[in-house]
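Q: Have a look at the structure that comes next, please.
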Amino acid sequence: MYAIAASIILLLLPKHIYVFANENEQTCDPSVDQKCSNTKLTHIRLGLEWFINPDHLPLVVAIKEGIFEDFGLNVELIEPKDHWEAEKEILDGRLDVAVTEPLHLAVDAMNSKPVLGFSRFLHTDGGVMYKKGVGINRPSDMCGRTISYPGSPGPGGPAIVQTMVEADGGNCDISSYGKYNGGFYHTDAIKSGNADLATLIFWNFEIPEAKAQNVDVDFFSLKDFGVPDFCQLVLFTTPDHFGVMKESLRKLVLAMRKATGIIHRNPDLAREHYLSYVGEAEDEVGKSIQIATMTATLPAFPNDNSMSRDYYERLMSWLSSTGQVSEETNSADVAKYWTNEIAW
């Protein structure tokens, strides 16, 4: 599930009604919500990287449990209707914070975009999904296969697969891979036969989704075959926005951390909150996918929101060596695009 790029946004249905005082501060309407009478809340517009799903559970639990309000925040979740450049949405005043993956954060920084990551909230497993029974039993068997990936025909998909093939002792020309752009519909790409492989998938989402549709799949994990483990989600903003909103962003981190504790201690309650927020699927396949993805995602929320400089140095080295960034932008100072200042 690649973090996404683009420019039209779709607001999720509001959970409370507010009377806006100004762009970043608002007061609740006590005629609608007695809980927040005379309370001033800081408004944070948070852009998601995809449609809302179990990966965003700390945000949902914090909303449903009133944790954001307890911290003086009104967090508005905003879904991308299509691809967007989230840092541009922040610069243009339409977002305050956005969700992305470490991979895209590093690429943006290496391309001199004004981004600053400050909190990791999901760490799952993932990599390359393949259909079983078609002669793919180990990573080296992926040589020359057709890959579905959102950035096709760019270098990302082949770079991931080729690294895994070589780590498994295989040797093939990187130009041998077929390329298919199935967007983020990885299961559909394999089910339809348009691709043999799909990347980047999160095992807690695409694997249960495929199996619920009776597609017999498995996956090779990035971390097992030489690719930096970027199956994670982080929060980021711009450096200027971080400076202005640091206090509120710290509260955002703490509120999500408190919600993560509830998820770990009371997963049944977390499930209830999620289904109440998004609505239960109408068909049996949809219900099966909801249950399976939720169950697989519950353990994926870390208590530690920090990330290391060494991790990002390794990630940038891999991006450069696989030609995913130009020679002119093959490095960036990690301290300029990641901070643990409010992650502890």
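With the sequence shown counted from 1, adding 19 to any position gets you our numbering.
C-beta: ideal position from N, C-alpha, C; glycine also.
Note that the structure is a prediction, hence the values are computed from the model and not measured.
(1) If you compare alpha carbons, which of F70, D144, V79 is closest to I282?
(2) Three Cβ pairs or more, each shorter than 8 Å: is that satisfied between the region 243-258 and the region 130-144?
(3) Should L124 and Y330 be called a contact, given that it needs their Cβ atoms to be closer than 9 Å?
(4) Taking C-alpha atoms, which residue in L141, M148, N200, V147 lies nearest to N72?
(5) Indicate the three-state DSSP secondary structure (helix, strand or coil) for E301 in the structure shown.
(6) Let's test the definition: count the other Cβ atoms within 10 Å of the Cβ of S345 and tell me whether it reaches 16, buried, or not, exposed.
(7) Would you decide whether A351 is buried or exposed? Buried here means 16 or more other CB atoms lie within 10 Å of its CB.
(8) Give the C-beta separation of L65 and D115 to the nearest angstrom, bearing in mind that I take them to be a contact with Cβ-Cβ under 8 Å.
(9) Could you name the residues of the same chain whose beta carbon sits closer than 6 Å to that of G197, not counting the 5 residues immediately before and after it, in chain order?
(10) Rounded to the nearest angstrom, what separates N359 and K277 at their Cα positions?
(11) Under three-state DSSP, which class holds W337?
(12) Can you tell me which of A178, P286, F87, L110 puts its alpha carbon nearest to the alpha carbon of S267?
(13) Determine whether the Cβ of I226 lies closer than 9 Å to any Cβ atom of chain B.
(14) Which residue's Cα is closest to the Cα of D58: N93, D74, H75?
(15) Would you identify the three-state DSSP class for E42, choosing helix, strand or coil?
(16) According to DSSP, P227 sits in a beta bridge with which residue or residues?
(17) Give a yes or no on whether the C-beta atoms belonging to F4 and D144 are separated by under 9 Å.
(18) Look at the Cβ atom of F70, then the Cβ atom of L273, and state whether they are nearer than 9 Å.
(19) In three-state DSSP terms, what is F249?
A: Taking the coordinates as given:
(1) In the sequence shown, the residue the question calls residue 282 occupies position 263. The shortest C-alpha separation from I282 is found at V79.
(2) A contact is defined here as three or more CB-CB pairs under 8 Å, and the region 243-258 meets this definition with respect to the region 130-144.
(3) Residue mapping note: residue 124 aligns to position 105 of the sequence shown, counting from 1. Residue mapping note: residue 330 aligns to position 311 of the sequence shown, counting from 1. Contact flag unset, no.
(4) Here the question's residue 72 lines up with position 53 in the sequence shown. Checked all of L141, M148, N200, V147; the closest Cα to N72 is L141.
(5) Position 282 of the sequence shown, counted from the start, is the residue given in the question as residue 301. E301 falls in the coil class under three-state DSSP.
(6) Numbered from its first residue, the sequence shown carries residue 345 at position 326. By the 10 Å Cβ count, S345 comes out exposed.
(7) Within the sequence shown, residue 351 is the residue found at index 332, counting from 1. By the 10 Å Cβ count, A351 comes out buried.
(8) Sequence index remark: in the sequence shown, residue 65 carries index 46 (1-based). Sequence index remark: in the sequence shown, residue 115 carries index 96 (1-based). Their Cβ separation, rounded to whole angstroms, is 7 Å, which keeps L65 and D115 in contact under 8 Å.
(9) Sequence index remark: in the sequence shown, residue 197 carries index 178 (1-based). T165, listed in sequence order.
(10) On the sequence shown, position 340 is the one that residue 359 refers to. On the sequence shown, position 258 is the one that residue 277 refers to. Distance between the alpha carbons of N359 and K277 is about 18 Å.
(11) For this step, residue 337 is matched to residue 318 along the sequence shown. Helix.
(12) Working through the sequence shown from its first residue, we reach residue 267 at position 248. It is F87.
(13) The structure shown contains no chain B; it holds only a single protein chain.
(14) Looking up residue 58 in the sequence shown gives position 39. Rather than Asp, the amino acid found at residue 58 in this sequence is Thr. Ranked by how close their Cα comes to the Cα of T58, the residues N93, D74, H75 have N93 in first place.
(15) Taking the first residue of the sequence shown as position 1, residue 42 is located at position 23. Annotation note: pLDDT 38 at E42 (below 50); position unreliable, coordinate value reported separately. The answer is coil: DSSP assigns E42 none of H, G, I, E or B.
(16) Within the sequence shown, residue 227 is the residue found at index 208, counting from 1. The partner list for P227 (beta bridge, DSSP) is empty, contrary to what the question assumes.
(17) This structure cannot speak to residue 4, because the chain is shown only from 20 to 363.
(18) The residue given as residue 70 occupies position 51 in the sequence shown. The residue given as residue 273 occupies position 254 in the sequence shown. Contact flag unset, no.
(19) As a working mapping, residue 249 is identified with position 230 in the sequence shown. Three-state DSSP puts F249 in coil, outside helix and strand.
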